[in-house]
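Below is one structure, written out as structure tokens; the observations come after it.
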Amino acid sequence: METKRIIQVDEKVPFSLLLPLSMQHMFAMFGATVLVPFLFGINPAVVLFMNGLGTLLFILITKGKAPAYLGSSFAFLAPGLLIVEQFGYSYALGGFAVVGLCGCLVAGIIYKFGSDWIDVVLPPAAMGPVVALIGLELAGSAASTAGLLPAEGTPEAGNVIVFLVTLGVAVFGSVLFRKFLSVIPILISVVCGYIAAYLVGIVDFTAVTEASWLALPNFSTPKFHPQAILIMMPALLVIVSEHIGHQVVTSKIVGRDLIKDPGLHRSLFADNFSSFISACIGSVPTTTYGENIGVMAMTKVYSVYVIGGAAVLSLCCSFIGKLTALINTIPGAVIGGISFLLYGMIGTSGLRILVDSQVDYSRTRNTVLTSVILVVGLSGVSIQLGSIALKGMSLAAMVGMLMSLLFHFFDKFGLMND
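If you want the numbering used here, it's the 1-based position in the sequence shown plus 163.
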């Protein structure tokens, strides 16, 4: 630990390390993952339960070879809220379940025909900026969560102080901490940020005192309506492109080709199967989480045992009412401070793909690909598909795929002017 060595995917860690490292992953995902059930108006306990169960299923299906934590997916928010307004939350669950099953079918197609096509539709000059956009397009979300972008234009002093303390500890801790502390800078920054939040008076313990010690998650079952399902279906495009991007960036971070082993078909199936099970018990869809990818990139701890530990903690939290309530009191300024760094780490991983692949920008095709993808992803341009607005990284990925395919066919016919 003194040299901050890499802890690889299949490497076990002692319990003295396992617990704090697992807590670090749980805290990293917590702010974003509980926001989704809050928006849907449901108890976050069932979401914490499914995040833990879904992550354990993901580890099992991918044979413990793909480190990923599954949290609440934002891709379903727009169509889901529309369905809730028109039909009710139970019918949104039905849409979630059908999209999850369709994602499993896509995984079957990939299993049948392989994944070599990814190098054609998303070469490094396209994949690099797409992966970078996963983090970069969330920068505004991190600032908003931290309370730095209030409607009136001036952030509250308390939020600014807590944000700076959290981010400062995470940044300087990542380069100054040694030995054991060097692998838990995120956890330490959460604790320091929480203490700062308490001192400035923005932590409310009312919900904790009113909560019971033990509480069962409020499970429910889906209902199905053809129109609700059609409203939800375009989300499939978003989650598939998002999953591929996450697997590629994780591959670069851990130094293993996860697209080949355990295979994109396994990870995509596990991701969507988790979403299907989630919908069947009343929770929101799950997805591999960028925040946790950022934690791995920062700490160089890739062990699935740590990810599994975080999943078990999440399961436990779903049954302990006071603990869930206490975690819910973590202010947005703390979560935003962490996210500022973690989202940036994901963006840097996209740049790393370009460097490691030695992309030649003297070739016009590479310059054009990267340029257009970045502008599309950051411009705010969107395309409406039914009730879903395809924008940001998802739209950029689609544009990148289309351009790469066209360039591939131009190559085949000798039309490129390289």
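Just so it is clear, CB atoms sit at the ideal spot from N, CA and C, and this is done for glycine as well.
Where residue i falls, given that 16 or more other Cβ within 10 Å makes a residue buried
| i | result |
| --- | --- |
| Leu233 | buried |
| Pro389 | exposed |
| Phe387 | exposed |
| Val531 | exposed |
| Phe572 | exposed |
| Phe382 | exposed |
| Pro177 | exposed |
| Phe276 | exposed |
| Gly303 | exposed |
| Phe335 | exposed |
| Val338 | exposed |
| Asp330 | Residue 330 is actually Leu in this sequence, not Asp. Buried, since its Cβ has 16 or more Cβ neighbours within 10 Å. |
| Gln410 | buried |
| Phe239 | buried |
| Glu454 | buried |
| Ser557 | buried |
| Leu431 | buried |
| Thr308 | buried |
| Ser567 | buried |
Residues that DSSP places opposite residue i in a beta bridge
| i | result |
| --- | --- |
| Val464 | Ile170 |
| Thr372 | Answer is none; Thr372 lacks a bridge partner. |
| Leu377 | Ile483 |
| Ser235 | Thr449 |
Heavy atom of the ligand ZN within 7 Å of residue i beta-carbon
| i | result |
| --- | --- |
| Cys479 | As far as ligands go, the structure on display features none, and thus does not contain the ligand ZN. |
Alpha-carbon to alpha-carbon, residue j and residue i
| i | j | result |
| --- | --- | --- |
| Ile416 | Phe250 | 42 Å |
| Leu299 | Ser236 | 17 Å |
| Lys342 | Gly263 | 42 Å |
| Gly457 | Leu268 | 29 Å |
| Asn435 | Gly266 | 5 Å |
| Ala559 | Ser179 | 43 Å |
| Met189 | Asn214 | 10 Å |
| Gln547 | Ser404 | 17 Å |
| Arg515 | Ser534 | 16 Å |
| Val475 | Leu211 | 10 Å |
| Ala391 | Cys443 | 16 Å |
| Thr372 | Ile483 | 13 Å |
| Gly227 | Phe576 | 43 Å |
| Leu256 | Val518 | 42 Å |
| Gln187 | Asn580 | 50 Å |
| Met192 | Asp574 | 43 Å |
| Gln171 | Pro348 | 18 Å |
| Arg419 | Tyr252 | 40 Å |
| Thr166 | Leu569 | Caution is warranted here: a pLDDT of 45 is assigned to Thr166, below 50, making its placement in the model unreliable, and the coordinate value is therefore given only provisionally. Going from the Cα of Thr166 to the Cα of Leu569 covers about 47 Å. |
| Leu220 | Ala433 | 7 Å |
| Ile224 | Leu505 | 27 Å |
| Met164 | Val283 | Confidence at Met164 is low in this model, with a pLDDT of 40, below 50, so its placement is unreliable and the value that follows should be read with caution. Roughly 40 Å between the two C-alpha positions. |
| Ala208 | Val522 | 45 Å |
| Ile501 | Val353 | 8 Å |
| Val469 | Ile222 | 11 Å |
| Thr449 | Val412 | 18 Å |
| Tyr452 | Ala231 | 7 Å |
| Gly119 | Ile358 | Because the chain spans 164 through 581 in this model, residue 119 falls outside it and cannot be assessed. |
| Asn206 | Ala496 | 22 Å |
| Gly217 | Ala473 | 12 Å |
| Ala305 | Phe326 | 10 Å |
| Val544 | Ile394 | 21 Å |
| Leu478 | Pro318 | 35 Å |
| Val197 | Leu537 | 29 Å |
| Ile509 | Val467 | 19 Å |
| Trp370 | Ile297 | According to the sequence displayed, residue 370 carries Ala and not Trp. Answer to the nearest angstrom: the Cα atoms are 34 Å apart. |
| Val247 | Leu553 | 20 Å |
| Gly243 | Ala333 | 34 Å |
| Leu137 | Phe368 | With the chain running from 164 to 581 in the structure shown, residue 137 is simply not present. |
| Phe503 | Asp279 | 34 Å |
Original post:
Which runs of the alpha helix (DSSP H), 4 residues or longer, sit entirely within the stretch 382 to 445?
Top reply: The alpha helix (DSSP H) runs of length 4 or more contained entirely in the stretch 382 to 445 are, from start to end of the chain, 389 to 395, 398 to 417, 427 to 443.
Subject >> Unbroken stretches of the alpha helix (DSSP H), 4 residues or longer, contained in the stretch 464 to 525 >> reply: Here the runs fully enclosed are 467 to 482, 484 to 491, 495 to 519.
Original post:
Within the chosen definition, does the stretch 281 to 292 reach the stretch 551 to 565 through at least 3 CB pairs nearer than 8 Å?
Top reply: In short, these stretches touch, since the Cβ pair count reaches three.
Original post:
Using 8 Å as the Cβ pair cut-off and three pairs as the minimum, do the stretch 309 to 322 and the stretch 515 to 528 touch?
Top reply: In short, these stretches do not touch, since the Cβ pair count stays below three.
Subject >> Entirely enclosed alpha helix (DSSP H) segments - the stretch 168 to 230, minimum 4 residues >> reply: Listed in chain order, the complete alpha helix (DSSP H) runs (minimum 4 residues) inside the stretch 168 to 230 are 178 to 203, 207 to 224.
Original post:
Fully enclosed by the stretch 288 to 321, which alpha helix (DSSP H) runs are 4 residues long or longer?
Top reply: Runs found: 302 to 308.
**OP:** Would you be able to state if there are at least three C-beta pairs under 8 Å between the stretch 361 to 368 and the stretch 392 to 399?
**Re:** No, because fewer than three Cβ pairs between the stretch 392 to 399 and the stretch 361 to 368 fall closer than 8 Å, the two stretches do not touch.
Original post:
Pairing CB atoms from the stretch 172 to 192 with CB atoms from the stretch 431 to 446, are three or more of them under 8 Å?
Top reply: Counting Cβ pairs under 8 Å, fewer than three are found: no touch.
**OP:** Would you be able to state if there are at least three C-beta pairs under 8 Å between the stretch 269 to 278 and the stretch 457 to 468?
**Re:** At 8 Å Cβ cutoff, the stretches do not touch.
**OP:** Could you say if the stretch 414 to 428 and the stretch 370 to 379 meet the contact criterion of at least three C-beta pairs nearer than 8 Å?
**Re:** Remark: fewer than three beta-carbon pairs, one from each stretch, lie closer than 8 Å, so the stretch 414 to 428 and the stretch 370 to 379 are not flagged as touching.
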